[in-house]
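Student: One structure is given below, represented as structure tokens, and several questions about it will come after.
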Amino acid sequence: MSKNLERNLNELVEWEDHVTEVNATNMNAIRNRVISNSESINSVKTDYQQKSDSNLITSNKKIVGAINELKNGSFDKVTISGKQLKFYANGTEKFNIVLPIVDIDLNPINTALGTKYDNVEISGQDLKFYVGSALKKTINIPTVSGENGKEIELRKSETHIEWNYVGESNWKQLIALSELKVKGADGKNGTNGVTPNITIGEVTTLEAGQQATVTKSGTNEAPIFNFGIPKGQNGVNGQSPDLSEHQTKRDEALRTTDKTVVGSINEIFQKVTTLESKLNEALNKITALESKHPES
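Residue 62 in full-length UniProt numbering sits at position 62 of the sequence shown; the count goes up by one each step and never skips.
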């Protein structure tokens with residue numbers, strides 16, 4: 001079986017998958033064949049040759065595939081040691097291939113062939129790499145569903161701000177209150193105040209049991225205050241005094257104030273009675289005199 005590799009000038013070169021037996025008669029031919037094959041590898045255009053080509057044998061598919069991956073930036077170094085072609089990424093050997101031919105010179109591809117990307121974007125679950133405007137590589141990013149988020153609540157203790165998941169009771173300290181006490185700069189002095197000229201407006205009498213009220217109108221410099229003052233409550237067990245002549249200020253049923261009033265009235269009544277008696281005496285005397293000295 002054989003494979004086809006494309007040279008820069010589109011010339012197809014046939015490779016055999018075994019090494020020709022060396023003898024005295026064909027040594028020069030074998031040497032020239034090896035040199036020719038080596039030059040063919042150095043000029044491979046991996047953009048066109050794919051390891052999925054049906055006319056490549058297994059070993060050759062590995063070589064072309066590895067070179068293509070190198071071109072795509074998967075590896076940063078390639079070395080040849082005897083029949084082994086070794087591929088490295090970040091200084092670590094990833095794998096090697098035993099070559100079907102010997103003494104191949106691969107120095108032209110021993111340096112890094114990494115790709116410089118101009119832009120990287122995320123589209124859905126894909127990470128896309130661009131060179132210019134051309135999409136060069138797509139990596140699918142696996143996703144995992146996370147747990148449902150939880151709502152937190154805060155509270156202030158004597159020493160800390162604390163937090164807790166809603167529905168739980170495992171309060172944790174977030175920050176000490178002492179760390180929040182930062183002294184700010186002194187504030188500016190306020191403007192000078194004014195002495196108000198206070199005026200008393202209306203004073204309204206409210207019903208007993210209502211709350212007293214104060215309302216303010218006017219300006220801060222000339223305020224007017226209106227007051228509402230409730231009546232006092234009615235007294236309990238009040239009695240009207242009996243002002244008859246038989247009522248005396250010594251009656252036990254009378255309160256102190258009533259006794260004073262009744263006593264004064266009784267004293268006046270007694271004085272009037274005395275005056276009336278004296279008037280009657282005077283009238284009697286006048287009548288007696290008239291009877292003794294009738295008019296002539």
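Beta carbons are placed, not taken as given, at the ideal position from N, Cα and C, and that holds for glycine.
Here's the rule: buried if 16 or more other CB atoms are within 10 angstroms of the residue's CB, otherwise exposed. What is F87?
Tutor: Buried, since its Cβ has 16 or more Cβ neighbours within 10 Å.
Student: What residue does the beta strand (DSSP E) around N164 start on, and which one ends it?
Tutor: Where N164 is concerned, the enclosing beta strand (DSSP E) stretches over 160 to 165.
Student: Please return the same chain residues whose Cβ sits closer than 6 Å to the Cβ of K216, not counting the five positions on each side in sequence.
Tutor: Cβ within range, chain order: P223, F225.
Student: Out of curiosity, what's the CA-to-CA distance linking E121 and T138?
Tutor: If you take the alpha carbons of E121 and T138, they lie about 10 Å apart.
Student: Measure the alpha-carbon distance for V166 versus S178 and round it to whole angstroms.
Tutor: Rounded to the nearest angstrom, the two C-alpha atoms are 26 Å apart.
Student: Below 8 Å on the Cβ atoms is my contact criterion, and I expect A212 with K231 to pass it. Report the Cβ-Cβ distance as a whole number of Å.
Tutor: Actually they are not in contact, since the Cβ atoms of A212 and K231 sit about 11 Å apart, beyond 8 Å.
Student: Out of F227, G132, I175, point me to the one whose CA is closest to I200's CA.
Tutor: With distances taken between Cα atoms, I200 lies closest to F227.
Student: So, using beta-carbon positions, are L174 and E162 closer together than 9 Å?
Tutor: Cβ atoms of L174 and E162: closer than 9 Å.
Student: With a Cβ-Cβ cutoff of 9 Å, do V203 and E221 count as a contact?
Tutor: The answer is no: Cβ separation not under 9 Å.
Student: Work out the CA separation of E151 and N164 for me, nearest whole Å.
Tutor: Whole-angstrom Cα-Cα distance: 9 Å.
Student: Looking at the secondary structure, which residues open and close the beta strand (DSSP E) in which P196 lies?
Tutor: Run containing P196: none; DSSP gives neither H nor E here.
Student: On the CB-based measure, 16 or more other CB atoms within 10 Å of its CB, does K278 come out buried or exposed?
Tutor: Looking at its Cβ environment, which holds fewer than 16 other Cβ atoms inside 10 Å, K278 is exposed.
Student: With a CB to CB cut of under 7 Å and the five nearest residues on each side skipped, what residues in its chain are close to L283?
Tutor: There are no such residues.
Student: Skipping 5 residues on each side, what residues in its chain have a beta carbon closer than 8 Å to that of D126?
Tutor: Excluding positions up to five away in sequence, the list reads T138, I139, N140, I141.
Student: May I ask whether a heavy atom of the ligand COA can be found less than 8 Å away from the beta carbon of L206?
Tutor: As for the ligand COA, it is missing from this structure, which has no ligand bound.
Student: Would you identify the three-state DSSP class for A176, choosing helix, strand or coil?
Tutor: A176 falls in the strand class under three-state DSSP.
Student: On the three-state DSSP scale, how would you describe T205?
Tutor: Strand, per DSSP.
Student: Mapping the DSSP letters down to three states, classify S133 as helix, strand or coil.
Tutor: Three-state DSSP puts S133 in coil, outside helix and strand.
Student: Note down the Cα distance separating T273 from N266, rounded to an integer number of angstroms.
Tutor: Cα to Cα, the separation comes out at about 10 Å.
Student: Let's see if you can read the secondary structure: which residues bound the beta strand (DSSP E) around K150?
Tutor: No beta strand (DSSP E) contains K150, which DSSP labels as neither H nor E.
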